[in-house]
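Chemist:
2 protein chains.
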Amino acid sequence: MQVHKIFLRRLSVLELSATEFSVLVLVGANPGVYLRQLGSALDVSPPNLVAVVDRLVQRGVLARLPSAEDRRLQELHLTDAGRHLLARAEAQVEMFETGLEQSLSAAERRCLDSALKKLAAFDPPRADPPGEPSGDPRDDPNQAGA
Amino acid sequence: MQVHKIFLRRLSVLELSATEFSVLVLVGANPGVYLRQLGSALDVSPPNLVAVVDRLVQRGVLARLPSAEDRRLQELHLTDAGRHLLARAEAQVEMFETGLEQSLSAAERRCLDSALKKLAAFDPPRADPPGEPSGDPRDDPNQAGA
DNA sequence: TATTGTTATACTCTATAACTATA
DNA sequence: TATAGTTATAGAGTATAACAATA
Chain A
1 MQVHKIFLRR LSVLELSATE FSVLVLVGAN PGVYLRQLGS ALDVSPPNLV AVVDRLVQRG
61 VLARLPSAED RRLQELHLTD AGRHLLARAE AQVEMFETGL EQSLSAAERR CLDSALKKLA
121 AFDPPRADPP GEPSGDPRDD PNQAGA
Chain B
1 MQVHKIFLRR LSVLELSATE FSVLVLVGAN PGVYLRQLGS ALDVSPPNLV AVVDRLVQRG
61 VLARLPSAED RRLQELHLTD AGRHLLARAE AQVEMFETGL EQSLSAAERR CLDSALKKLA
121 AFDPPRADPP GEPSGDPRDD PNQAGA
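Going down the list, the sequences are from chains A and B. Everything in the first sequence is counted per full-length UniProt numbering, starting at 1 for the first residue and increasing by one. Everything in the second sequence is counted per full-length UniProt numbering, starting at 1 for the first residue and increasing by one.
1. Considering only the alpha carbon of each residue, which of B:P66, B:L35, B:S67, B:A68 lies closest to L56 (chain B)?
2. At a cut of 8 Å, does the segment 75 to 82 of chain B reach the segment 44 to 51 of chain B through at least three beta carbon pairs?
3. Apart from the five residues just before and just after L3 (chain A), which ones in its own chain have a Cβ nearer than 8 Å to its Cβ?
4. With 16 as the cutoff for other CB atoms within 10 Å, does A115 (chain A) come out buried or exposed?
5. Can a CB atom of chain B be found closer than 8 Å to the CB of L35 (chain A)?
6. A89 (chain A): buried (16+ other C-beta within 10 angstroms of its C-beta) or exposed?
7. Counting Cβ pairs closer than 8 Å, one from the segment 108 to 122 of chain A and one from the segment 103 to 122 of chain B, do we hit at least three?
8. Look at G32 (chain B) and L86 (chain B) and say whether their C-beta atoms are less than 8 Å apart.
9. Looking at the unbroken beta strand (DSSP E) that takes in E15 (chain A), where does it start and where does it end?
10. I need the DSSP call for E101 (chain B), collapsed to helix, strand or coil.
11. Just how far apart, CA to CA, sit F21 (chain A) and L11 (chain A)?
12. Runs of 4 residues minimum, wholly inside the UniProt domain "HTH marR-type" (1 to 121) of chain B: which ones carry the alpha helix (DSSP H) assignment?
13. Once you ignore the five residues that flank L112 (chain A) on each side, which residues in its own chain have a CB closer than 7 Å to its CB?
14. I want to see whether chain B comes within less than 8 Å of P66 (chain A), judged by CB atoms only; does it?
15. Around the C-beta of Q92 (chain B), are 16 or more other C-beta atoms found within 10 angstroms, so that it is buried, or is it exposed?
16. Determine whether the beta carbon atoms of L38 (chain B) and G82 (chain B) lie at a separation below 8 Å.
17. Tell me whether the beta-carbon of I6 (chain A) lies closer than 8 Å to the beta-carbon of P124 (chain B).
18. So which residues of chain A does Q2 (chain B) contact, with C-beta pairs closer than 8 Å?
19. If the cut is a Cβ gap below 9 Å, which residues of chain B does E108 (chain A) touch?
20. Buried or exposed for L8 (chain B), please, with buried defined as at least 16 other CB atoms from any protein chain shown within 10 angstroms of its CB.
21. Check the Cβ of L104 (chain A) against every Cβ in chain B and list those closer than 9 Å, keeping chain order.
Quick look at the structure:
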């Protein structure tokens, strides 16, 4: 979480949130993606993504182009300013990641990587004993005690 | 982040947020703490903590007792129901942590621990080149490009 | 004058229902 | 009817200013 905070601070230098940065990266790598595709890739619902795209469009870094085949769709593209901003952001992030990597040895990086992969794959053993979620009637709330 | 999500899901079984759980743990370990002390320990501002405490008091797990010496202060204590809920929550968390630990070998745990400690201590090299934050006038927003 | 708990307020994120225009 | 983008709205989480009571 500490590392994530520093990552966000780096992006904030360019007035970008993590979501906005992700949008730039994904649109840059997939010119013409549709809003819904972008949203499912980022796990952001369409209603919430509209505001993000709006802001980036008004900022002049993103453009909505109507699709020729299906007039419900709109292709998302980076503008020239968008490509420039993305390049600056990626430079910031790369610098950040390099700094991070250098604070660990090669062996530590390998070990961390493998440990985190295992933790990310962790599927918790279901352990809901037949006790009620919270409305436990035996929990009569009464006096305090020091 | 994935692990944190699972942690939150465990607590949600008892209808507890991470902050609420922290409050129960800290008040349980420090009976009589004041709201401001609690807030600075949790990095939650007093205005925001009031609502959290309100909810736990109304739920019957926390109690506000007026301080005898300074009538501006209020001691926070767990009720009997609060101690019971805390015990259940700690059991959930302990089960969760045990599951996590068992998905790694002892060597992996040691290595992960040391690597994360180093990353948490990471202090980013200041790298703000004399470029403007974002209002760069040379970023004239113009046409898109596929 | 300073401090504790509190109210009010605002701004971001997130989540859901419903609308429009297309298909 | 189904889908894409959109609007409106509500709920959390977070941040700041200001207030009453007390020191």
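Cβ coordinates follow ideal geometry from the N, Cα and C atoms, glycine included. Please read these numbers as outputs of a predicted model, since none were measured by experiment.
Modeler: Based on what the coordinates show:
1. For this step, residue 56 (chain B) is matched to residue 56 along the second sequence. Scanning B:P66, B:L35, B:S67, B:A68 for the CA closest to the CA of L56 (chain B) turns up B:L35.
2. No contact exists between the segment 75 to 82 of chain B and the segment 44 to 51 of chain B.
3. Within the first sequence, residue 3 (chain A) is the residue found at index 3, counting from 1. As written in the sequence, residue 3 (chain A) is Val, which differs from the Leu given in the question. Counting only residues of its own chain and dropping the five nearest sequence neighbours on each side, V3 (chain A) has a CB closer than 8 Å to the CB of L100.
4. Counting from 1 along the first sequence, the entry for residue 115 (chain A) is found at position 115. Buried is the call here.
5. Counted from its first residue, the first sequence places residue 35 (chain A) at position 35. So, not an interface residue.
6. Numbered from its first residue, the first sequence carries residue 89 (chain A) at position 89. Here A89 (chain A) is buried. Its C-beta has 16 or more other C-beta atoms within 10 Å.
7. Flag = yes, the segment 108 to 122 of chain A and the segment 103 to 122 of chain B touch.
8. Residue numbering aside, residue 32 (chain B) sits at position 32 when the second sequence is read from its first letter. Residue numbering aside, residue 86 (chain B) sits at position 86 when the second sequence is read from its first letter. Inclusion of G32 (chain B) and L86 (chain B) in the CB contact set at 8 Å is not warranted, their separation being larger than that value.
9. Position 15 of the first sequence holds residue 15 (chain A). Where E15 (chain A) is concerned, there is no enclosing beta strand (DSSP E), given that its DSSP letter is neither H nor E.
10. Reading the second sequence from its first residue, position 101 is the one you call residue 101 (chain B). Shown here, E101 (chain B) sits in a helix according to DSSP, grouped into three states.
11. In the first sequence, the residue the question calls residue 21 (chain A) occupies position 21. In the first sequence, the residue the question calls residue 11 (chain A) occupies position 11. Roughly 8 Å separates the two Cα atoms.
12. Qualifying alpha helix (DSSP H) stretches, in chain order: 2 to 12, 18 to 29, 35 to 42, 46 to 58, 80 to 102, 106 to 120.
13. Walking along the first sequence from the start, residue 112 (chain A) turns up at place 112. The residues are L104.
14. Translated into positions along the first sequence, residue 66 (chain A) becomes position 66. Using a CB distance cut-off of 8 Å, P66 (chain A) does not count as an interface residue toward chain B.
15. Residue mapping note: residue 92 (chain B) aligns to position 92 of the second sequence, counting from 1. That one is buried.
16. If you number the second sequence from 1, residue 38 (chain B) lands on position 38. If you number the second sequence from 1, residue 82 (chain B) lands on position 82. Judged by their CB atoms, L38 (chain B) and G82 (chain B) are not nearer to each other than the 8 Å cut-off.
17. The residue you call residue 6 (chain A) lines up with position 6 of the first sequence. The residue you call residue 124 (chain B) lines up with position 124 of the second sequence. When the beta-carbon positions are compared, I6 (chain A) and P124 (chain B) come within less than 8 Å of each other.
18. If you number the second sequence from 1, residue 2 (chain B) lands on position 2. In chain order: L119, A120, F122.
19. On the first sequence, residue 108 (chain A) is found 108 positions in, with the first residue counted as 1. Per Cβ cutoff of 9 Å: C111, S114, A115, K118.
20. Within the second sequence, residue 8 (chain B) is the residue found at index 8, counting from 1. With fewer than 16 neighbouring CB atoms inside 10 Å of its own CB, L8 (chain B) falls in the exposed class.
21. Residue numbering aside, residue 104 (chain A) sits at position 104 when the first sequence is read from its first letter. Neighbours of L104 (chain A) on chain B, chain order: A115, K118, L119.
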